[in-house]
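Q:
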Amino acid sequence: MATYTIVLSTQTPLGPGEINAGGTITVAEGDVFIIDPSADSNTTFNDGGGGPFDFEVQVAASNSNTFNLTFQGGTNPTVDIADGVDLSNIDIAAQSADSLPMTIGDNVTLGKLDGSSAADSITIGADFTAAGDWNLGAGDDTLTAGLNADFTASKLKGELGDDVLTFGDGASFNEIDGGAGSDTLYFGDNITGAKIVGGADDDFIRIGANATISDKVDGNGGTDTLNTQTTGLTETSIETTNGVSFAAGTQILTDGGEVPVEALLPGDIVNTLDHGPQPVRWTRIALQPLETIEEGGRPVLIQKKCPWSRGAEPRPCCFAATSHFDRWAKATL
Ligand SMILES: [Ca+2]
Ligand SMILES: [Ca+2]
Ligand SMILES: [Ca+2]
3 MATYTIVLST QTPLGPGEIN AGGTITVAEG DVFIIDPSAD SNTTFNDGGG GPFDFEVQVA
63 ASNSNTFNLT FQGGTNPTVD IADGVDLSNI DIAAQSADSL PMTIGDNVTL GKLDGSSAAD
123 SITIGADFTA AGDWNLGAGD DTLTAGLNAD FTASKLKGEL GDDVLTFGDG ASFNEIDGGA
183 GSDTLYFGDN ITGAKIVGGA DDDFIRIGAN ATISDKVDGN GGTDTLNTQT TGLTETSIET
243 TNGVSFAAGT QILTDGGEVP VEALLPGDIV NTLDHGPQPV RWTRIALQPL ETIEEGGRPV
303 LIQKKCPWSR GAEPRPCCFA ATSHFDRWAK ATL
């Protein structure tokens, strides 16, 4: 375990712990590599055959040079990029890595990214800009971007695996594609983009208010659900629109008994009529004045012993979006 600083490829002599950029570095468990602003050439990390090794790559200052950081088999690099760092011309190639956990601060710009073929976990702060395409690779990847993420210069693909891609309010993008697998694509309010694609398999796409999607929202293969607070979007291959939403206080049956819907958290197990116990994939709570909701999304009050309970225990009362009500009604006809 040691700490190294990767510096200019031609720097000589080297100070203590300094390594010239431009070569292949064999890592050891617990090593820390700091990318200096002078680093200027493609640099590869491998395990020398002795891995897998967990190690850290830290970037605390901007670097205007053009190069790749490549992670080979047996490497588990935890990449940490500090606030305000501009790495517009630096690409990360982790296709061969064992995994790619990344934490990116606020106001960061980064070039192209290729994730590993395993589950990658990428957390991004506010005001991020991607300067190249992002492919997360296979595995159940998680990407969470804060406010105003800018992927307009790139395409972002979840690729194979059940990915959860979350974008805060104000996101802008060219194309976000979940790829194969049952993906969850979650967008906040005021997003602007050309295309959202669920990809093959059953996806859930949630879009907040005031979205502008110039091309379309495409569920692609599988049975896809779109929950949107924006009307007038162009939809393709979406089997269910508006999904399910419940008013606060609605009791939901979980494996631990009934709880108010607003108390549910991702991962909680809820009982569904169609598919038995299922984990909650995401939750959102918002105030929605009735006059601002499109007609098809307004709640209804389902009275005691309602005929649409499909054999379930009659509910004292609950509210649901009318689209949900319609699905219940159709299922009993
Ligand atoms: Ca991956
Ligand atoms: Ca996927
Ligand atoms: Ca799909």
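Note that this note's numbering has the sequence shown beginning at 3, numbered continuously upward. Even for Gly, the Cβ is constructed at its ideal location relative to N, Cα and C. This one's a predicted model, so the numbers in the text were calculated from it and none came from an experiment.
#1: Quick one: what's got a C-beta closer than 7 angstroms to Lys332's C-beta in the same chain, skipping five residues either side?
#2: Grab the span of the beta strand (DSSP E) containing Phe248 for me, first residue to last.
#3: Compute the distance between the beta-carbons of Ile83 and Leu115, then report whether it is under 7 angstroms.
#4: On the three-state DSSP scale, how would you describe Phe327?
#5: When you compare only the Cα positions, how much space is there between Val110 and Glu260?
#6: List in chain order the residues whose CB is within less than 7 angstroms of at least one heavy atom of ligand 3.
#7: Can you give me the C-alpha to C-alpha distance between Gly1 and Lys159, rounded to a whole angstrom?
#8: Do the region 74-83 and the region 46-54 make contact, defined as three or more Cβ pairs closer than 8 angstroms?
#9: Can you find a heavy atom of ligand 1 that lies under 6 angstroms from the Cβ of Leu167?
#10: I want to check one thing, is the minimum distance from the CB of Leu138 to the heavy atoms of ligand 1 below 6 angstroms?
#11: Quick one: is Asn212 buried, meaning 16 or more other Cβ sit within 10 Å of its Cβ, or exposed?
#12: Measure the beta-carbon distance from Leu102 to Gly113 and round it to whole angstroms, keeping in mind my assumption that it falls under 8 angstroms.
#13: If we ignore side chains and look at the alpha-carbon of each, how far apart do Val282 and Pro18 end up?
#14: Is any heavy atom in ligand 1 found nearer than 6 angstroms to the beta carbon of Ser118?
#15: What residues are listed by DSSP as bridge partners for Gln60?
#16: Using three-state DSSP, classify Glu177 as helix, strand or coil.
#17: Just verifying my parser: in three-state terms, what is the DSSP assignment at Glu260?
#18: Cβ of Gly141 within 6 angstroms of any heavy atom in ligand 2?
#19: CA-CA distance, Asp85 and Asn70?
#20: Which term fits Ser66, buried or exposed, when burial requires 16 or more other beta carbons within 10 angstroms of its beta carbon?
#21: Determine the closest residue to Thr68 out of Leu10, Asp143, Thr105, with distance taken between C-alpha atoms.
#22: Beta-carbon within less than 6 angstroms of Ile193's beta-carbon, same chain only, minus the 5 sequence neighbours each way: which residues are those?
#23: Identify, in the order they occur along the chain, each residue of the same chain with its Cβ nearer than 8 angstroms to the Cβ of Gly107, setting aside the five sequence neighbours on each side.
#24: Count the other C-beta atoms from every protein chain shown that fall within 10 angstroms of the C-beta of Met3, then say buried if there are 16 or more, exposed otherwise.
#25: So within the region 4-35, which uninterrupted beta strand (DSSP E) runs reach at least 3 residues, ignoring any that extend past its ends?
#26: Roughly how many angstroms lie between the CA atoms of Leu289 and Phe248, to the nearest whole one?
#27: Under the DSSP definition of a beta bridge, which residues are partnered with Gly278?
#28: Note down, in chain order, each residue of its chain lying with its Cβ closer than 6 angstroms to the Cβ of Ser98, except the 5 sequence neighbours on either side.
#29: For Gln253, which residues in the same chain have their Cβ closer than 6 angstroms to its Cβ, ignoring the five residues on either side in sequence?
#30: Is Ala155 helix, strand or coil by DSSP?
#31: Please classify Gln280: is it buried, with 16 or more other beta-carbons within 10 angstroms of its beta-carbon, or exposed?
#32: To the nearest angstrom, how far is the alpha carbon of Ala132 from that of Ile36?
#33: Have a look at Thr5 and Ser119 and give me their C-alpha separation to the nearest angstrom.
#34: Determine the contact status of Asp42 and Thr7, defining contact as a CB-CB distance below 7 angstroms.
A: Taking the structure as given:
#1: Walking along the sequence shown from the start, residue 332 turns up at place 330. Residue confidence for Lys332 is low, a pLDDT of 36 falling below 50, so the modelled location carries little weight and cannot support an answer.
#2: The residue labelled residue 248 in the question sits at position 246 within the sequence shown. Taken as a continuous stretch (DSSP letters only), Phe248 belongs to no beta strand (DSSP E), as it is neither H nor E.
#3: To locate residue 83, count along the sequence shown from 1; it is residue 81. To locate residue 115, count along the sequence shown from 1; it is residue 113. Not a contact, by the Cβ cut-off of 7 angstroms.
#4: Here residue 327 is taken as the residue at index 325 of the sequence shown, counted from 1. Here Phe327 scores only 43 on pLDDT, less than 50, and its place in the model should not be relied on; the value that follows carries that caveat. The answer is helix: DSSP assigns Phe327 an H, G or I state.
#5: Working through the sequence shown from its first residue, we reach residue 110 at position 108. Working through the sequence shown from its first residue, we reach residue 260 at position 258. If you take the alpha carbons of Val110 and Glu260, they lie about 43 angstroms apart.
#6: Gly200, Gly201, Ala202, Asp203, Asp204, Asp205, Gly221, Asn222, Gly223, Gly224, Asp226, Ser239
#7: Because residue 1 is not part of the residues shown, which for the chain are 3 to 335, the question remains open.
#8: yes
#9: For this step, residue 167 is matched to residue 165 along the sequence shown. No; taking the cut-off as 6 angstroms, the Cβ of Leu167 has no heavy atom of ligand 1 nearer than that.
#10: Locating residue 138 in the sequence shown gives position 136, counting from the first residue. Under cutoff, so the answer is yes.
#11: In the sequence shown, residue 212 corresponds to position 210, counting from 1. Label assigned to Asn212: exposed.
#12: Counting from 1 along the sequence shown, the entry for residue 102 is found at position 100. Counting from 1 along the sequence shown, the entry for residue 113 is found at position 111. Incorrect: roughly 15 angstroms between the Cβ atoms, too far for contact.
#13: Sequence index remark: in the sequence shown, residue 282 carries index 280 (1-based). Sequence index remark: in the sequence shown, residue 18 carries index 16 (1-based). Those two C-alpha atoms are separated by around 51 angstroms.
#14: By one-based count along the sequence shown, residue 118 stands at place 116. Yes, the Cβ of Ser118 comes within 6 angstroms of a heavy atom of ligand 1.
#15: On the sequence shown, residue 60 is found 58 positions in, with the first residue counted as 1. Answer by DSSP bridge pairing, in chain order: Ile36, Asp82.
#16: Reading the sequence shown from its first residue, position 175 is the one you call residue 177. Strand at Glu177.
#17: Numbered from its first residue, the sequence shown carries residue 260 at position 258. DSSP places Glu260 in strand when its eight states are reduced to three.
#18: Mapped onto the sequence shown, residue 141 falls at position 139. Not under cutoff, so the answer is no.
#19: For the purposes of this step, residue 85 is identified with residue 83 of the sequence shown, where counting begins at 1. For the purposes of this step, residue 70 is identified with residue 68 of the sequence shown, where counting begins at 1. Their backbone Cα atoms lie some 20 angstroms apart in a straight line.
#20: Within the sequence shown, the letter at position 64 stands for residue 66. Label assigned to Ser66: exposed.
#21: Against the sequence shown, residue 68 aligns to sequence position 66. Nearest of Leu10, Asp143, Thr105 to Thr68, Cα basis: Leu10.
#22: For this step, residue 193 is matched to residue 191 along the sequence shown. Excluding residues within five positions, the ones whose Cβ falls inside 6 angstroms are Ala173, Ala213.
#23: Taking the sequence shown and counting its residues from 1, one reaches residue 107 at position 105. Cβ neighbours of Gly107 beyond the five flanking positions: Ile83, Ala84, Asp85, Gly86, Val87, Gly127.
#24: Translated into the one-based positions of the sequence shown, residue 3 becomes position 1. With fewer than 16 other Cβ atoms within 10 Å, it is exposed.
#25: 5-9, 20-22, 26-28
#26: Mapped onto the sequence shown, residue 289 falls at position 287. Mapped onto the sequence shown, residue 248 falls at position 246. Distance between the alpha carbons of Leu289 and Phe248: 12 angstroms.
#27: Start at 1 with the first residue of the sequence shown, and residue 278 comes out as number 276. Per DSSP, Thr274.
#28: As a working note, residue 98 is residue 96 in the sequence shown. Correct list, in chain order: Gln74, Gly75.
#29: In the sequence shown, counting from the first residue as 1, residue 253 sits at position 251. Excluding sequence neighbours, Gln253 sits near Glu260.
#30: In the sequence shown, counting from the first residue as 1, residue 155 sits at position 153. Strand at Ala155.
#31: To locate residue 280, count along the sequence shown from 1; it is residue 278. Counting Cβ neighbours within 10 Å, Gln280 comes out exposed, since fewer than 16 surround it.
#32: As a working note, residue 132 is residue 130 in the sequence shown. As a working note, residue 36 is residue 34 in the sequence shown. Taking the straight line from one Cα to the other gives about 21 angstroms.
#33: As a first step, residue 5 must be located in the sequence shown, where it is residue number 3. As a first step, residue 119 must be located in the sequence shown, where it is residue number 117. The alpha-carbon atoms of Thr5 and Ser119 are separated by roughly 27 angstroms.
#34: Working through the sequence shown from its first residue, we reach residue 42 at position 40. Working through the sequence shown from its first residue, we reach residue 7 at position 5. Against a cut-off of 7 angstroms, the Cβ pair of Thr7 and Asp42 comes out as no contact.
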